[in-house]
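In UniProt numbering, the protein residues as written are 1 to 87.
All C-beta atoms in this analysis are idealised placements derived from N, C-alpha and C, irrespective of residue type, glycine included.
Treat the numbers as computed from the prediction; the structure is a model and nothing was measured.
A quick write-up on the structure given underneath.
Shown next as structure tokens:
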């Protein structure tokens, strides 16, 4: 995302994750806050989301990639390697 695509984002406060053995997937549920400011903000839980192992690995990859970007590490070569351009 770049600064031209600013949108309201709810801060994630926690999550629950575990296997859903009946269909060989995993499920994840996020806790989130209505505001990044103050400790009196309301908090809510999302629905559970199911991910295949392949989607979970893809999510892990993307999270690591953009965590590096947030830390100030250049990810241009990695994005070029996977054929995507998010910069």
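> In terms of alpha-carbon separation, which member of 41, 27 and 54 lies closest to residue 16?
Replying inline: What you label residue 16 is simply residue 16 of the chain shown in a count that begins at 1. Checking every option, the nearest Cα to that of residue 16 belongs to 27.
> How many Å lie between residue 63 and residue 6 at the Cα?
Replying inline: On the chain shown, residue 63 is found 63 positions in, with the first residue counted as 1. On the chain shown, residue 6 is found 6 positions in, with the first residue counted as 1. Residue 63 and residue 6: Cα-Cα distance of roughly 19 Å.
>> Is the beta carbon of residue 49 closer than 8 Å to that of residue 34?
In response: Reading the chain shown from its first residue, position 34 is the one you call residue 34. Reading the chain shown from its first residue, position 49 is the one you call residue 49. Going by C-beta atoms, residue 34 is not nearer than 8 Å to residue 49.
>> In this structure, how does DSSP classify residue 7 when only helix, strand and coil are distinguished?
In response: For this step, residue 7 is matched to residue 7 along the chain shown. Three-state DSSP puts residue 7 in coil, outside helix and strand.
> Considering only C-alpha positions, which residue in the set 31, 37, 71 and 51 is nearest to residue 43?
Replying inline: Translated into positions along the chain shown, residue 43 becomes position 43. For the residues 31, 37, 71 and 51, the minimum Cα distance to residue 43 belongs to 31.
> Cβ atoms of residue 45 and residue 55: under 8 Å apart, would you say?
Replying inline: Stepping through the chain shown from its first residue, residue 55 is reached at position 55. Stepping through the chain shown from its first residue, residue 45 is reached at position 45. No, the pair does not count as a contact, with Cβ atoms beyond the cut-off.
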